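Structure first, then comments.
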Amino acid sequence: MDQILGLKQLLILICILLAPIAGSAQDQPSEGQQINIVYGANFTKDESKYPGAAIFSKDDRQVQFEHQGADLYCDIAIFYQKENRLKALGNIVLKQGDSVQMTSGKIEYNGDTRLAKAYERVVLKNASMTLRTDTLYFDREKQESFYRSSGTVVDSVNTLTSEIGRYFMEQKKYQFLESVKINNPEYQLESSQLDYYTTSKNAYMYGPSTITGETYKIYCERGFYDTKVESGYGIKNTRIDYNNRIIEGDSVYFNKMAQFASATNNIKVTDTINKGVIRAHYAEVYKDKDSVFATKRAVSISLVEKDSLYMHGDTLMVTGKPEDRILRAFRNAKFYKTDLSGKCDSIHFEQRTGVTQLIRNPVIWNVDNQMTGDSIHLVSDLVTEKLDSLKVINNAFIISQDSIGKVGFNQAKGKDLYGKFKDNSLDYVDLVKNTEVIYYMYDDDEKLMGINKTICSAIRMTLENNDIEDITFFTNPDGDIFPPKDLPENSRKLKGFIWRGDERIYSKDGIFDEDDNNIELVKIRGVDHPIDLEGTQEDPLEEDPRKKDQPTTANKKAVLPADNSGAGKKKP
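Taken in order, the sequence shown gives residues -25 to -1, 1 to 547; the numbers are from mature numbering (1 follows the signal peptide of the UniProt record, and there is no 0).
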């Protein structure tokens, strides 16, 4: 009986002794989550400083831990086995397979959450890039790392810096925020927010961004850039300074290798040397040809005598160096400036000569004077750039409505016409070869005296305030002044008379027809709807790296195409 009691007491004692151990075992992480000690070297404990921790320090070999495919090496480790976490000090090396290696001065690692916080000269490397920062958070569960204290990323092409950065390892993508810079031997990129793919070297910009190259400067607030070939596009508030021109538009594309830029929708191309401006809804700029092509409600705007000259055609083309610029307007060409407007099939302006040619069925209006002919040339003074003279070549005809009686038209015709401008208005007009005149004559009381109908070899018409003030006939004039009742209506118009007053252009908007004003703008590549990038966004990089990601400007609003190596190589 005593033996039985002794045995029972022994069993109870064993149970009591083992109970804490069993409880402790239940608190231990499962085998797959547990941080494993591979090499502990020297072991000690310091309950006053590190209660519940085992302290390991290196000998001739570093301390080593392993956890779910990652190995951690250090000089000293403070290991909290029950909590499945550790702190490591000195020459830290964290290896994740063969793809990722991180070094630092210190690290904290949690085996349950697989979160690491490394600090002091942190370096993260893989096959394609190296990241350096002071403090780095590494989420092995999500395969993401991020920093908030400034970092530098170096790959085979670029050096990137930012205040805040996140690296998505599976996508091989960086998200940079605040003071983002890409330094490249060929250019420098600065942005407030940028996504960068380490494989393709493509950058997506989501805030005010500037790219400065040797021969160009790009600004946009949302866009794409292929950093390998210096090609890309902007789709919000974009501007490119390129080849002595400033190119702006809803979407602007640039390709350095092709020496080409284009813009789509609400575009403006400014010649920084000649100060001319082209507006349209599509334009192309070719550097090697020093040319601009524009269409879709295209208009050229230049300054003449402190007054803007507006020139329109279905297509505008500017070619040549600044001193030899040639501007062409093709098909349904029109122009307008104060007191002078016109239209024809096409317009050709040459900077070197100052001559503007109106080709095929031209007509111009100087205030109320309509002039037509087979071809019309407007000549500018090369020094003052003021309008100097005009030529109407073959079948010259000038018509103005009788400004007093409003009963007919003053007319003159000849083979050619030569006119001289003074202060933006016609001063006199010479008509030569087979000239004819019909002119309504009034006395001082503005009573119609008669109608002058004369033919001669040449005439000069002097104008005052754009009205005919005097007519001089040269070489055997033949004609008479007819009382109005003696000259029938069908004799009051010269042969070839065509009044085109209903075509006259009265304003800068009059150069556009209905089709021009109803152009449907193309859908900008990569944009489904207007985007507000300036709205307040929550910080996409939380201090707690395991907190659910808040949507960033990039992934919440942006709809740029998914990254691929060909993105951005087409015209918008």
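Glycine included, every Cβ here is placed at the ideal spot set by N, Cα and C. Bear in mind the structure is a predicted one, so any value in this text is a computation, not a measurement.
In this structure, what does DSSP give as the bridge partners for residue i?
| i | result |
| --- | --- |
| Trp340 | Ser316, Gln345 |
| Phe113 | Ala91, Ser120 |
| Val293 | Val267, Leu302 |
| Tyr25 | Answer is none; Tyr25 lacks a bridge partner. |
| Asn307 | DSSP lists no partner for Asn307. |
| Glu495 | Answer is none; Glu495 lacks a bridge partner. |
| Ser125 | Bridge partners of Ser125: none, in fact. |
| Ala233 | In the DSSP output, where bridge partners are listed per residue, Ala233 has none listed. |
| Met144 | Paired residues: none, contrary to the question. |
| Thr437 | Tyr403, Asp445 |
Please determine, among the options, the residue with the shortest C-alpha to C-alpha distance to residue i.
| i | options | result |
| --- | --- | --- |
| Tyr417 | Thr270, Asp349, Glu444 | Glu444 |
| Lys271 | Gln118, Leu106, Tyr94, Ile253 | Ile253 |
| Gln168 | Tyr162, Thr136, Gln56, Glu360 | Thr136 |
| Leu67 | Phe457, Leu164, Lys81 | Contrary to the premise, residue 67 reads as Ile rather than Leu in this sequence. It is Lys81 whose Cα lies nearest to the Cα of Ile67. |
| Gly485 | Asp216, Phe310, Thr245 | Phe310 |
| Val342 | Asn159, Asp314, Asn369 | Asp314 |
| Ser355 | Asp377, Asp225, Phe396 | Phe396 |
| Ala238 | Ile157, Phe31, Met232, Tyr228 | Tyr228 |
| Asp246 | Tyr257, Arg220, Glu83, Ser154 | Arg220 |
| Asn440 | Lys100, Gly207, Asn399, Leu357 | Asn399 |
| Asp405 | Gly15, Leu365, Asp491, Asp225 | Leu365 |
| Ser125 | Glu95, Lys147, Lys148 | Glu95 |
| Asn369 | Gly471, Gly425, Asn85 | Gly471 |
| Asp402 | Met436, Tyr142, Asp490 | Met436 |
| Met180 | Asn158, Phe151, Leu106, Pro26 | Phe151 |
| Glu495 | Asp50, Asp477, Asn240, Gly317 | Asn240 |
What's the gap between the Cα of residue i and the Cα of residue j?
| i | j | result |
| --- | --- | --- |
| Ile10 | Lys33 | 18 Å |
| Tyr393 | Val367 | 7 Å |
| Phe235 | Leu278 | 27 Å |
| Asn307 | His287 | 8 Å |
| Leu291 | Thr187 | 29 Å |
| Asn230 | Glu116 | 40 Å |
| Val412 | Pro452 | 10 Å |
| Asp201 | Asn218 | 20 Å |
| Val13 | Ile139 | 35 Å |
| Gly182 | Glu165 | 10 Å |
| Arg36 | Leu61 | 19 Å |
| Tyr48 | Thr88 | 19 Å |
| Gly329 | Gly348 | 20 Å |
| Lys156 | Tyr122 | 16 Å |
| Glu161 | Asp488 | 45 Å |
| Asp263 | Val274 | 23 Å |
| Met232 | Thr190 | 12 Å |
| Leu64 | Glu205 | 43 Å |
| Leu353 | Asp491 | 26 Å |
| Asp420 | Asn493 | 50 Å |
| Tyr481 | Ser316 | 8 Å |
| Phe18 | Ser154 | 46 Å |
Beta-carbon within less than 6 Å of residue i's beta-carbon, same chain only, minus the 5 sequence neighbours each way: which residues are those?
| i | result |
| --- | --- |
| Glu223 | Arg214, Lys243 |
| residue 549 | Because the chain in this structure spans residues -25 to 547, residue 549 falls outside the shown range and cannot be described. |
| Gly209 | Cys195, Gly198, Val227 |
| Ile276 | Val252, Ser283, Tyr285 |
| Val382 | none |
| Asn427 | Tyr414, Met416, Ile456 |
| Ala269 | Ile253, Ala255, Ala258, Leu291 |
Is the distance from the Cβ of residue i to the Cβ of residue j below 8 Å?
| i | j | result |
| --- | --- | --- |
| Lys408 | Lys388 | no |
| Leu423 | Gly454 | no |
| Ser350 | Gln326 | no |
| Asp130 | Thr173 | yes |
| Trp340 | Arg467 | no |
| Gln56 | Ala29 | yes |
| Val132 | Lys203 | yes |
| Asn158 | Thr134 | yes |
| Thr110 | Val98 | no |
What does a CB cutoff of less than 7 Å around residue i pick up in its chain, not counting 5 residues either side in sequence?
| i | result |
| --- | --- |
| Arg475 | Val338, Gln345 |
| Phe448 | Thr429, Cys431, Ile434 |
| Lys70 | Ala45, Asp46, Gln76 |
| Arg335 | Cys319, Asp320, Ser321 |
| Gln118 | Met144, Glu145 |
| Leu469 | Gln386, Lys388, Glu411, Ile413 |
| Pro520 | With a pLDDT of only 41 at Pro520, under 50, the local geometry of the prediction cannot be trusted, and no value is derived from it. |
| Asp363 | Val354, Ser355, Asp356, Phe396 |
Counting only the same chain and skipping the five closest in sequence on each side, list residues whose C-beta sits under 8 Å from that of residue i.
| i | result |
| --- | --- |
| Ser266 | Val260, Met292, Val293, Thr294, Gly295 |
| Ala102 | Ser74 |
| Val249 | What sits at residue 249 in the sequence shown is Asn, not Val. The residues are Ser277, Pro297, Arg300, Gln326. |
| Ser378 | Asp343, Asp442 |
| Lys147 | Ser103, Tyr172, Thr173, Thr174 |
Should residue i be listed as close to the ligand MG, given that the test is whether its C-beta is under 7 Å from any heavy atom?
| i | result |
| --- | --- |
| Phe384 | Summarising the ligand content, the structure contains no ligands, and the ligand MG is consequently not present. |
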